[in-house]
Amino acid sequence: MTHRFQSTLRNSSRGYAAVSLLLLLAAGIALLSLSKTELRGRHDAIDTAAAQEPLYLPEARYVKLVTLGFDGFISDILWFNTVNYFGKQYLGNKDYRWLYSMCNLVTELDPNALHVFEFCGSLLSWVAKHPEKSNAILTKAIKEHPLNWRFYYLRGFNYWYFMEDLERAKEDIARASRVKGAPTFLASLASRLVAVTENPDTAVNFLKDLIDNTKDETVQKALGEKLKLAYVSRDAERIQALTRK
1 MTHRFQSTLR NSSRGYAAVS LLLLLAAGIA LLSLSKTELR GRHDAIDTAA AQEPLYLPEA
61 RYVKLVTLGF DGFISDILWF NTVNYFGKQY LGNKDYRWLY SMCNLVTELD PNALHVFEFC
121 GSLLSWVAKH PEKSNAILTK AIKEHPLNWR FYYLRGFNYW YFMEDLERAK EDIARASRVK
181 GAPTFLASLA SRLVAVTENP DTAVNFLKDL IDNTKDETVQ KALGEKLKLA YVSRDAERIQ
241 ALTRK
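As structure tokens, this is what we get:
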């Protein structure tokens, strides 16, 4: 009886130790992703935007060494911090310098989080104005989910609309069209990219598609602002076209 009790106690102790370590890690990562201003307290809120960045973001390979297999749990905590960080910057200083690193870490820990790939792939290009970093995230998404046509489509749009790389854009959109379940319009879009580029409705239609296909209110709000600007730009182009006639 004593031996059995001691064995149970040892197993319980190991379990408690594992859980304790996991919780400490979660708390540590959450703390590390806080801003310098938050750590100093409210009385230092007048610090510059540079002080709003996370203190440190560990590489995924180091985080995985101590997650004890609970990568998804840690990823959820980091994802919450990522959305919180984006929201604060969107409403405040619009300093998105850490957005890619945070997105990269979350998707390394949980490569099955499709909503994270789409959130990061969309906002890094449209809001943070870093289409090359958006494509890095989308390339990872394609590697993990080669049968998801939207990631080819999003990356192809980045190549075409933001980076003006027509050949890569055609290649990605053509690949998207061959994935089972892809919408039929993609089949002809690759060959019509040059003509579509001249269409003022292009950005409007793409943004509407992004908004319609996300449930994340943060994404909807941020892209909604871009959609308003796209409408203004489209209407201005139409007015100019009429005056030239």
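Heads up, the sequence shown is in this note's numbering, so the first residue is 1 and it goes up one at a time.
From the three backbone atoms N, C-alpha and C, an ideal C-beta is built for every residue, glycine too.
- Under the criterion of beta carbons closer than 8 Å, residue 135 and residue 150 do not qualify as touching, at roughly 14 Å.
- A check of alpha carbon separations from residue 147 across 172, 188 and 185 identifies 172 as the nearest.
- Within the same chain, no residue comes within 6 Å of residue 118 by CB-CB distance, once the 5 residues on both sides are set aside.
- Residue 191: not part of any alpha helix (DSSP H); DSSP gives it neither H nor E.
- Taking C-alpha positions only, residue 128 is separated from residue 94 by approximately 8 Å.
- In terms of Cβ geometry, residue 99 and residue 130 form a close pair [threshold 9 Å].
- 9 Å or more divides the Cβ of residue 175 from the Cβ of residue 161.
- Under a 10 Å Cβ-count criterion, residue 84 is classified as exposed, with fewer than 16 other Cβ atoms of the shown protein chains found around its own Cβ.
- Taking 9 Å as the cut-off, the Cβ atoms of residue 124 and residue 75 do not count as close.
- For the set 90, 78, 192 and 96, the Cα lying nearest the Cα of residue 113 is the one of 78.
- Each residue's CA atom was taken as its position, placing residue 82 and residue 244 some 47 Å apart.
- Nearest to residue 122 by alpha-carbon distance, out of 228, 240, 210 and 232, is 210.
- Shortest Cα-Cα distance from residue 57 to any of 67, 92, 103 and 89 involves 103.
- Straight across, the Cα-Cα distance linking residue 224 with residue 166 is about 26 Å.
- CA-CA distance, residue 60 to residue 138, rounds to 18 Å.
- Between the beta-carbon of residue 87 and that of residue 218 there is about 6 Å, and that keeps the pair under the 8 Å contact cut.
- A distance below 8 Å between beta-carbons, with the five flanking residues on each side excluded, links residue 72 to the following residues of its chain, in chain order: 109 and 110.
- The Cβ atoms of residue 184 and residue 141 do not sit closer than 9 Å to each other.
- Note that the C-beta distance between residue 90 and residue 230 is not below 9 Å.
- Residue 131 carries a helical assignment under DSSP once its states are collapsed to helix, strand and coil.
- In summary, residue 188 is exposed, with fewer than 16 beta-carbon neighbours lying within 10 Å of its beta-carbon over all protein chains present.
- With a cutoff of 9 Å on beta-carbon distance, residue 170 and residue 193 are scored as near each other.
- With distances taken between CA atoms, residue 201 lies nearest to 228 out of 163, 180, 228 and 120.
- Check the Cα spacing between residue 115 and each of 242, 220 and 233: the tightest is with 220.
- Assigned with DSSP and collapsed to three states, residue 201 falls in coil, not helix or strand.
- Residue 234 and residue 203 have their C-alpha atoms spaced approximately 9 Å apart.
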